[in-house]
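Following: one structure in structure tokens, then a few remarks.
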Amino acid sequence: MAVPSLKIGYTDHLRVIAERAWWASLDLVLPPRCQNCNRAGERLCAQCRAEIEYISEPMCQKCGYPKHTPTTVQCEQCWRVAFAGNGLRALAFHAGPLRRAVHGLKYKHNPPLSEALARLISPHWPAIFPGDSILIPVPLAPDRLRQRGFNQAELLARHVGAQRGLPVWPAALRRVRATESQVGKTAQARQANMTGAFAAETKTVRGLNFVLIDDVCTTGATLGACAQALLEGGAAQVWAYTLTRARHDSAD
């Protein structure tokens, strides 16, 4: 298997270092506060981190949903989470302080929070992921990117990549058509909405292993469409990791 270029990884690490220096200088003027409880000192304080509902074994080895006993065959949740790749994992459920932190990152223009969230991910990085994996953030819709000014998935990916020593290739996957908002759609409608929405750079991805990075997995429709595009482009393995995921009875 071809070895990923380390040049791209070094560039990512330098960018992260520059961002850290900038945010640290801002912290001297305006010290950080917890996104969840507003306590001074950290962007997500220890008390709020203690309330995170982490997802751990035993779990379905395909979709990553917690089970009373581990299983290697498709479970009932696999039919709800439409993921075309090798497997999906998430750090925690989309609830409590972590849910509010994700909301703050995306909608309250708090990009420095991405580093604190990435530090939660790094020690829980799944051993099942190939060691030569390349991280690909899920591309944000162009109108959302213009409105927000950043892609939260890319921020998370760059910080996780810097912490884990993994390259990040945002340009390897792109959106090729506009999609409707996923809010309020059923799982089937979400999947139909995202089908064919992404394309991979075939010459870039062929024969390599990838981990898709996103902030939230609701039904897995977006991640599934991304994985399908990478596999059609010749990727060897495609996994996905999200900061949070919806519970099976959640409709949001």
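Under this note's numbering, the first residue of the sequence shown is numbered 18, with each subsequent residue one higher.
By construction, the Cβ of each residue, glycine as well, lies at the ideal position given by its N, Cα and C atoms.
It should be emphasised that the depicted structure is a prediction, and the values quoted were computed from it without experimental measurement.
Per-residue DSSP class, three states only, for residue i
i    : result
Y82  : coil
G224 : coil
P147 : coil
A170 : helix
W142 : coil
R192 : strand
A158 : coil
W96  : helix
A242 : helix
A253 : coil
T261 : strand
A206 : helix
A109 : strand
L152 : strand
G121 : helix
L183 : coil
A133 : helix
G104 : strand
Any non-hydrogen atom of the ligand NAD within 7 Å of residue i CB
i    : result
R117 : Although the ligand NAD was asked about, the structure shown includes no ligands whatsoever.
Nonlocal neighbours in the same chain, by C-beta distance under 6 Å from residue i, ignoring five residues either side
i    : result
A246 : F215, A216 and A217
P114 : N53, C65 and E68
V193 : A216
L157 : N168
V98  : C80 and G237
P143 : R106
P159 : none
Sequence-distant residues of its chain with Cβ nearer than 7 Å to residue i (five each side left out)
i    : result
L172 : P128 and S131
K79  : Q91, C95 and G104
P147 : N226 and Q254
L190 : I153, P156, F215, A217, C243, A246 and L247
C77  : K84, T88, C92, Q94 and C95
T212 : A242
With 16 other Cβ atoms within 10 Å as the buried cut-off, status of residue i
i    : result
I139 : Correcting the residue type first, residue 139 is Ser in the shown sequence and not Ile. S139 is exposed by the Cβ-count criterion.
D232 : buried
G250 : buried
H126 : exposed
A57  : exposed
I153 : buried
H85  : exposed
Q205 : exposed
R161 : exposed
Y124 : exposed
R116 : buried
V264 : First, the amino acid is wrong: residue 264 is Arg here, not Val. So R264 ends up on the exposed side.
A63  : exposed
A170 : buried
A195 : exposed
P184 : buried
Beta-carbon contacts of residue i that lie in its chain and below 8 Å, excluding the five residues immediately before and after
i    : result
L240 : F100, G102, L105, V155, L229, D231, C234, A257 and T259
H141 : Y71 and L108
T219 : G250 and G251
Inter-residue CB distance, residue i and residue j (contact presumed, cutoff 8 Å)
i    : j    : result
I151 : L225 : 6 Å
A135 : H176 : 3 Å
A188 : V222 : No, A188 and V222 are not in contact; Cβ-Cβ is about 11 Å, not under 8 Å.
H111 : T261 : 4 Å
A133 : R60  : 4 Å
With a floor of 4 residues, list each alpha helix (DSSP H) that falls wholly inside the stretch 45–82, ordered by position along the chain.
-> 63–66
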